[in-house]
Amino acid sequence: MSSISAQGVVERASAELTKRINGLGLRASKHHGGGKASVMERVTNVFCGSGGVAYTNLQSANNANATPEKPSRSVPTSMSNMPSANNKSLSSAGTSSRSRISRNRPKNVPLASGGTGGYVAPTTWEQLMEDDHFLGKFFLYFTPLERRILAQVSPRWRDILYARPRLWAGLVPVVRCREVRAMPPSSRTRLYASLVRRGFHSLVLLSASDEDIPELTHGFPLAQRNIHSLSLRWCAITDGGLEALLEHLQALFELELAGCNEITEAGLWTCLTPRIVSLSLSDCINVADEAVGAVAQLLPSLYEFSLQAYHVTDAALGYFHATQSSSLSILRLQSCWELTNHGVVNIVHSLPNLTVLSLSGCSKVTDDGVELIAENLSRLRSLDLSWCSRITDAALEYIACDLNHLEELTLDR
0 MSSISAQGVV ERASAELTKR INGLGLRASK HHGGGKASVM ERVTNVFCGS
50 GGVAYTNLQS ANNANATPEK PSRSVPTSMS NMPSANNKSL SSAGTSSRSR
100 ISRNRPKNVP LASGGTGGYV APTTWEQLME DDHFLGKFFL YFTPLERRIL
150 AQVSPRWRDI LYARPRLWAG LVPVVRCREV RAMPPSSRTR LYASLVRRGF
200 HSLVLLSASD EDIPELTHGF PLAQRNIHSL SLRWCAITDG GLEALLEHLQ
250 ALFELELAGC NEITEAGLWT CLTPRIVSLS LSDCINVADE AVGAVAQLLP
300 SLYEFSLQAY HVTDAALGYF HATQSSSLSI LRLQSCWELT NHGVVNIVHS
350 LPNLTVLSLS GCSKVTDDGV ELIAENLSRL RSLDLSWCSR ITDAALEYIA
400 CDLNHLEELT LDR
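First residue of the sequence shown? That's 0 in numbering that gives the first Met the number 0, and the numbers climb one at a time after it.
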């Protein structure tokens with residue numbers, strides 16, 4: 000990440016904090032009866048919550064840990080501004096000097112370092128920038144991508160960010176195996192541990208080879224139960240390496256192989272496990288009809304199957320049978336140039352319950368094939384016929400008449 004990008008995130012953090020501080024004046028007058036509260040108090044109240052936490056007098060750092068002043072027992076004349084029933088103290092009416100008192104018992108707040116403890120409000124800006132409770136809410140103002148940079152500000156910020164997996168939702172870690180090989184073993188161990196701490200269940204491996212597999216299986220033992228989705232992209236992994244990797248990832252149920260030219264059809268027959276419910280194969284030069292046969296035979300619970308293979312023929316789609324008809328809901332066949340209307344016949348007969356079908360780039364499919372789809376796949380909600388140059392306006396009439404549940408139709412060229 001460039002220094003410019005890092006600087007931009009820091010500037011945004013500063014602007015966000017300034018904006019929040021500037022909007023606290025009116026809020027402070029409402030909640031504190033018009034009394035003047037320090038900026039430090041107002042920031043702490045907004046980000047850390049003014050209720051439910053025992054705040055000390057933030058004006059004096061020396062009294063930060065002092066015992067809160069005993070509440071007055073006198074009752075205000077006006078009852079309209081009475082605190083809620085949960086509050087444990089009442090302000091004395093008509094007093095000239097207002098002292099900050101505890102309105103609630105301390106709550107136990109989870110800490111990034113683990114465990115809980117009675118919360119002590121920060122008394123200086125330096126303490127605020129290290130405070131678990133404040134930072135946990137402050138980091139919500141940033142995107143997961145920006146939090147990657149914030150995690151590099153200090154070990155404290157990193158620990159707080161890593162301790163909250165929900166802050167990393169939507170990100171998928173990408174491990175560039177060539178770079179990882181050059182790292183010291185201790186650094187690789189910390190890398191894999193950070194993936195678990197952030198709650199990642201998906202992993203992308205770039206440019207991996209068989210020599211990376213032992214390091215991954217031994218250096219990342221927690222992957223066995225934490226990784227549910229794996230993507231291998233442009234890897235030189237062979238059939239043996241893939242088999243060892245899938246044996247290690249016992250919780251895996253989503254697999255993508257993209258540009259893995261060392262993987263063969265025989266390897267798929269050996270490696271595929273019935274727990275896989277989502278499979279994507281693209282740009283693997285050794286994948287053809289037999290690979291589809293392995294998928295149909297070995298994955299009875301398959302829900303989603305994506306295939307981009309230039310040499311797959313109509314015969315491959317005949318491998319699907321009744322076992323898949325009840326489970327397979329999403330089928331994407333992209334740039335399968337050899338597929339014709341005969342392949343469409345096999346699809347509609349074997350997989351009548353499809354809800355998503357893509358034939359993008361299957362240029363030999365014609366209007367007759369679309370008519371078969373419209374008449375037999377009545378549950379379709381999404382249909383992609385982009386880059387199917389032999390389809391004409393007549394196909395649209397078939398779709399309009401028969402596919403009553405269709406929500407998305409793609410015809411881009």
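All residues carry an ideal CB built from backbone N, CA and C; glycine is no exception. Values in this document were obtained by computation on a predicted structure and should not be read as measured data.
Spatial neighbours of Leu267 within its chain, please: C-beta separation below 6 Å, excluding the five flanking residues on both sides. Within the sequence shown, the letter at position 268 stands for residue 267. Ala290, Ala293.
Roughly how far, in whole angstroms, is the beta-carbon of Ala309 from the beta-carbon of Trp336, given that I think they are within contact range, below 8 Å? As a first step, residue 309 is located in the sequence shown; it is residue number 310 there, counting from the start. As a first step, residue 336 is located in the sequence shown; it is residue number 337 there, counting from the start. Ala is not the amino acid found at residue 309; the sequence shown has Tyr there. That belief holds up - the Cβ atoms of Tyr309 and Trp336 are roughly 6 Å apart, short of 8 Å.
Beta strand (DSSP E) segment containing Thr409, residue limits: Here residue 409 corresponds to residue number 410 of the sequence shown, with the count starting at 1. Counting along the chain, the beta strand (DSSP E) containing Thr409 begins and ends at 407-409.
What is the C-beta distance between Glu264 and Asn285, in whole angstroms, given that I count them as a contact (C-beta under 8 Å)? Residue numbering aside, residue 264 sits at position 265 when the sequence shown is read from its first letter. Residue numbering aside, residue 285 sits at position 286 when the sequence shown is read from its first letter. Yes, Glu264 and Asn285 are in contact; Cβ-Cβ is about 6 Å, under 8 Å.
Excluding five sequence neighbours on each side, which residues of the same chain lie with their C-beta closer than 6 Å to the C-beta of Ser305? Walking along the sequence shown from the start, residue 305 turns up at place 306. Result list for Ser305: Ser279, Arg331, in chain order.
Please classify Glu370 as buried or exposed, where buried requires at least 16 neighbouring CB atoms within 10 angstroms. In the sequence shown, counting from the first residue as 1, residue 370 sits at position 371. Its Cβ being crowded by 16 or more others within 10 Å, Glu370 is buried.
What number of angstroms, rounded off, separates the C-alpha of Leu376 from the C-alpha of Pro351? For this step, residue 376 is matched to residue 377 along the sequence shown. For this step, residue 351 is matched to residue 352 along the sequence shown. Taking the straight line from one Cα to the other gives about 6 Å.
On a CA-only basis, which of Val171, Leu297, Asp211, Arg180 is nearest Val195? Give me that one, please. Here residue 195 is taken as the residue at index 196 of the sequence shown, counted from 1. Closest in alpha carbon position to Val195, among Val171, Leu297, Asp211, Arg180, is Val171.
Alpha-carbon spacing of Tyr140 relative to Ala168, whole angstroms: Translated into positions along the sequence shown, residue 140 becomes position 141. Translated into positions along the sequence shown, residue 168 becomes position 169. Computed Cα separation, rounded: 14 Å.
Do we get a CB-CB distance below 9 Å when we pair Asp209 with the residues of chain D? Absent here is chain D; the protein component of the structure consists of one chain.
Span of the beta strand (DSSP E) around Leu306: The residue given as residue 306 occupies position 307 in the sequence shown. Where Leu306 is concerned, the enclosing beta strand (DSSP E) stretches over 303-307.
Compute the Euclidean distance between the alpha carbons of Thr76 and Val152, then round it to the nearest angstrom. Here residue 76 is taken as the residue at index 77 of the sequence shown, counted from 1. Here residue 152 is taken as the residue at index 153 of the sequence shown, counted from 1. Here the model assigns Thr76 a pLDDT of 40, short of 50, so the residue's position is not dependable and the matter cannot be decided.
To which residues of the same chain is Ala207 closer than 7 Å at the C-beta, ignoring the five residues directly before and after it? Against the sequence shown, residue 207 aligns to sequence position 208. Hits under 7 Å: Cys176, Leu231, Cys234, Ile236.
Taking the alpha carbon of Pro213 as the point to measure from, which residue in Pro184, Ser359, Gly198, Thr409 has its own alpha carbon closest? As a first step, residue 213 must be located in the sequence shown, where it is residue number 214. If we check each option's Cα against that of Pro213, Pro184 comes out closest.
For Glu214, which three-state DSSP category applies? In the sequence shown, the residue the question calls residue 214 occupies position 215. If DSSP states are grouped into helix, strand and coil, Glu214 belongs with the helices.
Give the straight-line distance between the Cα atoms of Ser324 and Thr339, rounded to the nearest whole angstrom. To locate residue 324, count along the sequence shown from 1; it is residue 325. To locate residue 339, count along the sequence shown from 1; it is residue 340. Taking the straight line joining both Cα atoms gives about 21 Å.
Would you say Leu190 and Ala222 are within 9 Å of each other, going by their C-beta atoms? Taking the first residue of the sequence shown as 1, we reach residue 190 at position 191. Taking the first residue of the sequence shown as 1, we reach residue 222 at position 223. Going by C-beta atoms, Leu190 is not nearer than 9 Å to Ala222.
Quick one: residues in its chain with C-beta nearer than 7 Å to the C-beta of Pro273, no 5 flanking neighbours on either side, listed in chain order? In the sequence shown, counting from the first residue as 1, residue 273 sits at position 274. Result list for Pro273: Leu297, Leu298, Pro299, Ser300, in chain order.
In whole angstroms, what separates the C-alpha of Ala53 from that of Arg147? By one-based count along the sequence shown, residue 53 stands at place 54. By one-based count along the sequence shown, residue 147 stands at place 148. In this prediction, Ala53 has a pLDDT of 34, which is less than 50 and means its spatial position is unreliable; nothing more can be read from the coordinates.
What residue range does the beta strand (DSSP E) around Asp383 cover? Translated into positions along the sequence shown, residue 383 becomes position 384. Note, Asp383: beta strand (DSSP E), 381-383.
Beta-carbon within less than 7 Å of Glu261's beta-carbon, same chain only, minus the 5 sequence neighbours each way: which residues are those? Residue numbering aside, residue 261 sits at position 262 when the sequence shown is read from its first letter. Excluding sequence neighbours, Glu261 sits near Ala235, Ile236, Thr237.
Figure out for me which residue from Trp386, Asp366, Arg163 has the closest Cα to the Cα of Ala393. For the purposes of this step, residue 393 is taken as the residue at position 394 of the sequence shown. Cα-wise, what sits closest to Ala393 is Asp366.
Run through DSSP, which three-state label would Ser357 get? The residue you call residue 357 lines up with position 358 of the sequence shown. DSSP places Ser357 in strand when its eight states are reduced to three.
Please name the residue, chosen from His348, Ser381, Ser334, Pro143, that lies closest to Val364 on a Cα-to-Cα basis. The residue you call residue 364 lines up with position 365 of the sequence shown. Selected option, being the one with the closest Cα: Ser334.
How would you label Arg144, buried or exposed, when you count the other beta carbons within 10 angstroms and need 16 or more for buried? What you label residue 144 is simply residue 145 of the sequence shown in a count that begins at 1. Position check: residue 144 holds Leu in this sequence, whereas Arg was assumed. Exposed: under 16 other Cβ atoms inside 10 Å.
Can you tell which of Arg163, Gln126, Met182 has the C-alpha that lies nearest to the C-alpha of Phe199? By 1-based counting over the sequence shown, the position of residue 199 is 200. Looking at the Cα atoms, Arg163 is the closest of the given residues.
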